[in-house]
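> Here you go, one structure.
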Amino acid sequence: MRREARLRITRPGFRPRSRRFLAASVVKAYPLHPIRRAINLDGAWEFAWLGEADLSSLDPARLRFDEIEAVPGVFDTGIKRYGARGTGVYRRRVPFPAPAGTRLRLRLNGLGLWGRVWWDGECLGDVELPYSGYTFEITANGADCHDLAIAVDNRFDAERTPLFPPYSDFYAYGGIYRSIELEELPPLRVERVRVQTLDLDAARVGLEIRLGGDVPDELTLRLAFDGDDGELVVARPEGGVVRLERVLPDARPWSPDHPELHTVTVTLAHDQIIERFGLRTVAARDGAIWLNGERVRLLGINRHEAHPQLGPALPPALVAEDLQMIKALGCNFVRLVHYPHDPIALDLCDELGLLVWEETMGWQLGEREFLSPRARAQMVDQARRMVSDGINHPSIILWAFLNESASDHPTAVPVYREISQAIRELDPTRLVTWASHRYERDLCWEFADVVSLNFYPGWIHPTGDWSTPNLSLIAPYLAEKADYCARPGLEGKPLLVSEIGACGLYGCHDRARAQWSEEFQADYFDEACRAILEEPRYAGLALWQFCDTRSYVNTGNIRVKPRGYNSAGLVDEYRRPKLAYDVVARRFREARWGPFPGSGSRTPSGGAREARARR
15 MRREARLRIT
25 RPGFRPRSRR
35 FLAASVVKAY
45 PLHPIRRAIN
55 LDGAWEFAWL
65 GEADLSSLDP
75 ARLRFDEIEA
85 VPGVFDTGIK
95 RYGARGTGVY
105 RRRVPFPAPA
115 GTRLRLRLNG
125 LGLWGRVWWD
135 GECLGDVELP
145 YSGYTFEITA
155 NGADCHDLAI
165 AVDNRFDAER
175 TPLFPPYSDF
185 YAYGGIYRSI
195 ELEELPPLRV
205 ERVRVQTLDL
215 DAARVGLEIR
225 LGGDVPDELT
235 LRLAFDGDDG
245 ELVVARPEGG
255 VVRLERVLPD
265 ARPWSPDHPE
275 LHTVTVTLAH
285 DQIIERFGLR
295 TVAARDGAIW
305 LNGERVRLLG
315 INRHEAHPQL
325 GPALPPALVA
335 EDLQMIKALG
345 CNFVRLVHYP
355 HDPIALDLCD
365 ELGLLVWEET
375 MGWQLGEREF
385 LSPRARAQMV
395 DQARRMVSDG
405 INHPSIILWA
415 FLNESASDHP
425 TAVPVYREIS
435 QAIRELDPTR
445 LVTWASHRYE
455 RDLCWEFADV
465 VSLNFYPGWI
475 HPTGDWSTPN
485 LSLIAPYLAE
495 KADYCARPGL
505 EGKPLLVSEI
515 GACGLYGCHD
525 RARAQWSEEF
535 QADYFDEACR
545 AILEEPRYAG
555 LALWQFCDTR
565 SYVNTGNIRV
575 KPRGYNSAGL
585 VDEYRRPKLA
595 YDVVARRFRE
605 ARWGPFPGSG
615 SRTPSGGARE
625 ARARR
């Protein structure tokens with residue numbers, strides 16, 4: 015079997031000799047269109063700060079651009095505008111000659127919180143969803159160089175950006191978080207190739223080749239796997255889609271222990287696409303999660319895209335370092351919170367062998383958002399975009415939405431039903447869940463494949479009194495929730511702890527192990543891991559959290575946010591490990607090779623057995 019290169023870098027076909035990634039050279043996440051004419055627009059852009067300007071009459075041609083800002087980057091962490099809220103406009107000249115009438119596509123991979131895009135003075139449209147990728151199609155006017163302007167507004171607006179309410183427990187940065195690309199579209203093109211594992215033992219896959227442009231009744235394409243010469247296929251598209259089934263020779267399944275990856279290349283006369291995928295199945299049954307036919311226990315952590323200076327605009331090298339630190343911790347699982355993450359992160363999870371929970375925006379939303387047609391449409395739209403973009407990543411096993419929202423309110427039921435149905439219509443092969451802190455009151459569990467609970471016993475609630483040591487509250491509380499989830503209707507669904515943790519300030523030490531010290535935090539995580547991993551009902555956990563992240567300052571709950579940070583990270587905001595990092599690494603190492611609670615069988619680290627498991 016020809017093994018595909020583990021990372022796209024500047025020289026096509028380059029194969030790293032080491033497992034340590036050359037992430038700084040990454041130029042594009044999968045899928046790739048190697049023969050399309052394209053330009054990456056990252057770099058230094060002209061910038062105009064407008065503050066509280068009215069966007070309804072904004073005309074970029076009349077602005078004075080007297081600053082420079084980086085793309086990707088944020089505009090509210092530097093000394094000039096630290097913490098500012100308002101509108102900034104980015105502008106650059108784009109050298110891209112094309113004959114008049116040629117179709118072009120502009121892709122923005124994520125910004126925040128809201129954006130508007132102009133091309134040669136014409137408004138192309140708005141970006142309404144923070145962190146989500148958007149594309150805009152353009153008809154070339156024959157000019158050699160073009161003006162591109164993007165307005166970005168990081169003000170909170172309940173009508174315009176209802177999925178990001180003020181004072182969520184993560185900071186709302188303003189800027190263009192991720193890369194921007196422009197490409198020329200051929201008249202007939204391959205938009206995506208979806209690969210689905212049909213039979214793991216036989217290495218049989220189903221292919222959905224989605225075409226765009228002028229699609230004929232019949233066409234010839236070349237289909238190749240893992241860089242081989244491939245075969246010519248004469249196909250008759252139905253609704254712009256070609257459906258095929260093939261068997262991969264010498265294929266191996268993807269798992270955390272053995273993250274085997276394959277590529278499929280589809281070539282037309284004037285276009286080509288390379289998609290990457292892995293052979294694997296996932297299922298939820300008998301209170302457990304099954305990967306490739308083998309029960310797997312999830313040992314994981316929550317991760318934000320966050321840095322004090324960079325905000326969520328993390329360079330690939332830092333993303334790679336974060337995920338390698340998570341893997342070195344002993345994790346086989348990462349929950350990417352609380353929004354769709356950079357596609358580069360998903361590529362790296364595929365390569366490292368990290369199972370992924372990917373989720374949409376929505377932190378503690380409630381009745382107001384559930385009853386808003388605009389908010390509800392955005393919830394469904396972002397879920398569909400997330401699933402469509404991530405469909406071929408073998409690392410993703412859980413689609414999720416609406417963290418800690420009011421799933422106990424009757425208005426939530428139709429919303430949760432609609433979002434879960436939208437996800438399953440696009441992808442019936444993965445599991446659906448959400449992180450709930452409504453517990454027994456949650457009205458929506460019928461729509462979930464996995465029951466996921468956030469709780470902080472001994473830290474947030476319950477905390478006991480002066481006579482009760484906080485750590486003694488953890489195990490009884492976990493047992494209580496496990497008993498609840500054994501009731502009829504829930505007993506067959508896997509139960510995950512999607513958040514648990516406590517804060518510790520980096521460098522704060524105390525012999526009495528006082529709260530906020532690294533010692534107390536280490537003790538807390540030690541006891542939390544022990545209690546969860548010894549309880550048979552729990553299928554896994556995601557600790558809160560990987561690194562300290564900026565929250566909000568000068569609000570009513572600032573007393574629990576020293577420095578304006580959520581300090582529950584196992585490492586601080588600059589990735590310096592606290593005592594808890596090594597404590598968790600020891601617990602996860604023991605769990606990785608120990609038996610499942612209540613059984614004599616060894617805990618599989620990632621579903622290595624090559625057996626078929628179908629939902």
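Count the sequence shown with our numbering and you get residues 15 to 629, in order.
We put the beta carbon where it would ideally sit given N, CA and C, even for glycine.
Excluding the five sequence neighbours on either side, which residues of its own chain have a C-beta within less than 6 Å of the C-beta of residue 65, listed in chain order?
Non-local C-beta neighbours of residue 65 in its own chain, meaning closer than 6 Å and more than five positions away in sequence, comprise 100, ordered along the chain.
> Quick one: Cα of residue 380 to Cα of residue 447, how far?
Answer to the nearest angstrom: the Cα atoms are 18 Å apart.
> Ordered along the chain, which non-local residues of its own chain (more than five positions away) have a Cβ less than 6 Å from that of residue 235?
247, 280 and 282
> On the DSSP letters alone, give me the boundaries of the beta strand (DSSP E) that residue 357 sits inside.
Run containing residue 357: none in the beta strand (DSSP E); it sits in the alpha helix (DSSP H), 357-366.
> In terms of residue numbering, what span does the beta strand (DSSP E) encompassing residue 104 cover?
101-109
> What three-state label does DSSP hand residue 213 in the structure shown?
strand
> Using 10 angstroms around the beta-carbon of residue 231, count the other beta-carbons present and answer buried if the total reaches 16, otherwise exposed.
exposed
> Buried or exposed: residue 14, going by 16 or more other Cβ atoms within 10 Å of its Cβ?
Residue 14 falls outside the range modelled here, since the chain spans only 15 to 629, and no answer is possible.
> Give me the Cα-Cα distance between residue 583 and residue 563, rounded to the nearest whole angstrom.
Rounded to whole angstroms, residue 583 and residue 563 show a C-alpha spacing of 8 Å.
> Is there contact here, the region 213-223 with the region 251-259, by at least three beta-carbon pairs under 8 Å?
yes
> Output yes or no for whether 8 Å exceeds the beta carbon distance between residue 63 and residue 102.
yes
> Give me, in chain order, the residues of the same chain whose beta-carbon lies closer than 6 Å to that of residue 377; leave out the 5 immediate sequence neighbours on both sides.
182, 352 and 417
> Determine the direct distance from the alpha carbon of residue 175 to that of residue 75, and round the result to whole angstroms.
26 Å
> Distance check for residue 458 and residue 427, CA to CA, integer angstroms please.
6 Å
> Is the beta carbon of residue 115 closer than 8 Å to that of residue 154?
Pairing residue 154 with residue 115 gives a Cβ-Cβ distance under 8 Å.
> Quick check for students: name the residue ranges of the beta strand (DSSP E) that lie wholly in the region 118-202, counting only runs of 3 or more.
128-133, 136-141, 148-153, 159-167 and 194-199
> From residue 401 to residue 437, what distance separates their C-alpha atoms?
Residue 401 and residue 437: Cα-Cα distance of roughly 7 Å.
> Tell me, which residues are paired with residue 252 by DSSP?
Looking at the DSSP assignment, residue 252 forms a beta bridge with 255.
> Say whether the region 186-198 touches the region 390-399, bearing in mind that this needs 3 or more beta-carbon pairs closer than 8 Å, one atom from each stretch.
no
> Let me know the secondary structure DSSP gives residue 290 once reduced to three states.
strand
> Taking only three categories from DSSP, how would you classify residue 347?
Residue state, collapsed to three classes: strand.
> Kindly confirm or deny that the region 198-215 and the region 43-51 touch, where touching means at least three C-beta pairs closer than 8 Å.
yes
> When DSSP builds the beta bridges, which residues end up paired with residue 239?
278
> By a C-beta neighbour count over all protein chains shown, 10 Å radius and 16 as the cutoff for buried, is residue 189 buried or exposed?
buried
> Applying the criterion that 16 or more other CB atoms from any shown protein chain within 10 Å of the CB defines a buried residue, is residue 576 buried or exposed?
With a 10 Å radius around the Cβ and a threshold of 16 neighbouring Cβ atoms, residue 576 comes out exposed.
> Can you give the Cα-Cα distance for residue 411 and residue 307, rounded to whole angstroms?
14 Å
> Does any heavy atom of the ligand HEM sit closer than 7 Å to the C-beta of residue 246?
Ligands in the displayed structure: none, and consequently the ligand HEM is not present.
> Just to check my reading of the structure: residue 313 and residue 554 have Cβ atoms closer than 8 Å, yes? What is that Cβ distance to the nearest angstrom?
6 Å
> Just to confirm, is the Cβ distance from residue 538 to residue 472 under 8 Å?
Note that the C-beta distance between residue 538 and residue 472 is below 8 Å.
> Using DSSP with H/G/I as helix, E/B as strand and the rest coil, what is residue 337?
helix
> Where residue 134 and residue 95 are concerned, what is the direct C-alpha to C-alpha distance, given to the nearest angstrom?
28 Å
> Using the Cα positions of residue 523 and residue 531, report the straight-line distance between them to the nearest angstrom.
Whole-angstrom Cα-Cα distance: 5 Å.
> Would you mind stating whether residue 55 and residue 108 have Cβ atoms separated by less than 8 Å?
yes
> Is the region 141-158 close to the region 115-124, with three or more CB pairs under 8 Å?
The count of Cβ pairs closer than 8 Å, one atom from the region 141-158 and one from the region 115-124, reaches three, so the stretches are in contact.
> Relative to the C-alpha of residue 406, which residue among 361, 423, 398 and 450 is closest?
For residue 406, the closest C-alpha among the options 361, 423, 398 and 450 is that of 361.
> Using alpha carbons as the reference points, say which of 578, 263 and 293 lies closest to residue 274.
293
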